[in-house]
Amino acid sequence: IASDGGVIQKIREIAPNIEIHVSTQANVVSYHAAKFWYDNGAKRVILGRETSKDQIQEIMKNKPEDLEVEMFIHGALCWAYSGRCFLSEYLSCRSANLGDCSQSCRWAYNMYLEEKNKPGNLMPVETDENGTYILSSKDLCLIKEIPQIIEMGVDSLKIEGRLKTEYYLASVVNVYRNAIDDYMTNPEGYDYTKYLKELEKRKD
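Going by my numbering, the residue at position 112 of the sequence shown is 121; the numbering climbs one at a time, nothing skipped.
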């Protein structure tokens, strides 16, 4: 798995028969980006977490037949575009772009605003359930969209596991596995609500 074009070029030179998967850090969100990586030797692209349903449909419709597509279906969403966040590196010397994100955007912060013409005069930013959100990462949960994802023909589904316990991951994978099997067995009777309730019980 790689996201740097130079690294991928070097891999092709040194080990031409190895499968290359393009990381989510490459921020693939369009057919054109997927085709670019395919033309440069990629067997699979892992889509950016912020890729929309319409973008995924376009990719699946237009991609080369033998290009595999992988997408995230559950886990933390980054507050930045995939592969473009330097907050973790700055605050904890752990690079999100090298797979070592400390999820700094989810820490508890005291935030202050400073008016340009009044340096040193700091105003606290208040936040409540309806208030100001400067860093407002959300979680991805696509259990409801399992039928659409399967019908789009996505090759591989990815559950984010960074900073999670083995128990949490095993239980979440089990819920999605059962949901997928349920839909494949009985598409008309698929009911996501029971699986969503199971996921809501899971704590990392």
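From the three backbone atoms N, C-alpha and C, an ideal C-beta is built for every residue, glycine too. Since the model is a prediction, treat every value here as computed from it, not as a measurement.
Query                                                                                                                                                                          : Result
Is valine 16 near valine 37, with beta carbons less than 9 Å apart?                                                                                                            : no
Can you tell me whether phenylalanine 95 is buried or exposed? The criterion is at least 16 other CB atoms within 10 Å of its CB, across all chains shown.                     : exposed
Just checking, does the region 103-120 make contact with the region 182-195 on the three C-beta pairs under 8 Å criterion?                                                     : no
Using a threshold of 9 Å, state whether the C-beta atoms of tyrosine 204 and valine 184 are closer than that.                                                                  : yes
What are the boundary residues of the beta strand (DSSP E) that isoleucine 55 is part of?                                                                                      : 53-55
Compute the distance between the beta-carbons of glycine 84 and leucine 166, then report whether it is under 9 Å.                                                              : no
Could you please give the first and the last residue of the uninterrupted alpha helix (DSSP H) stretch that includes glycine 15?                                               : 14-23
Suppose you measure from the CA of tyrosine 99 to the CA of glutamate 28; what does that come to, to the nearest Å?                                                            : 33 Å
So isoleucine 5 packs on isoleucine 10, CB below 8 Å; how close in whole Å?                                                                                                    : Limits of the chain in this structure are 10 at one end and 213 at the other, which puts residue 5 out of reach.
Excluding the 5 residues preceding and the 5 following alanine 43 in the sequence, name in chain order all residues of the same chain whose CB lies nearer than 6 Å to its CB. : Val37, Val54, Ile68 and Lys72
Can the beta-carbon of leucine 208 be found less than 9 Å from the beta-carbon of isoleucine 152?                                                                              : yes
Can you check DSSP and say which residues form a bridge with proline 133?                                                                                                      : Tyr121
Buried or exposed for threonine 60, please, with buried defined as at least 16 other CB atoms from any protein chain shown within 10 angstroms of its CB.                      : buried
Just mark glutamine 34 as buried or exposed, buried being the case when its beta carbon has 16 or more other beta carbons within 10 Å.                                         : buried
Mapping DSSP to helix, strand and coil, what is cysteine 87?                                                                                                                   : coil
Just to confirm the assignment, what range does the beta strand (DSSP E) spanning leucine 208 have?                                                                            : Segment 202-210 is the alpha helix (DSSP H) holding leucine 208; no beta strand (DSSP E) there.
Among all the DSSP beta bridges, which residues are the ones paired with histidine 30?                                                                                         : Arg53
Checking 9 Å against the spacing of the C-beta atoms, do aspartate 164 and glutamate 74 come in under that value?                                                              : no
Can you give me the C-alpha to C-alpha distance between arginine 211 and proline 128, rounded to a whole angstrom?                                                             : 45 Å
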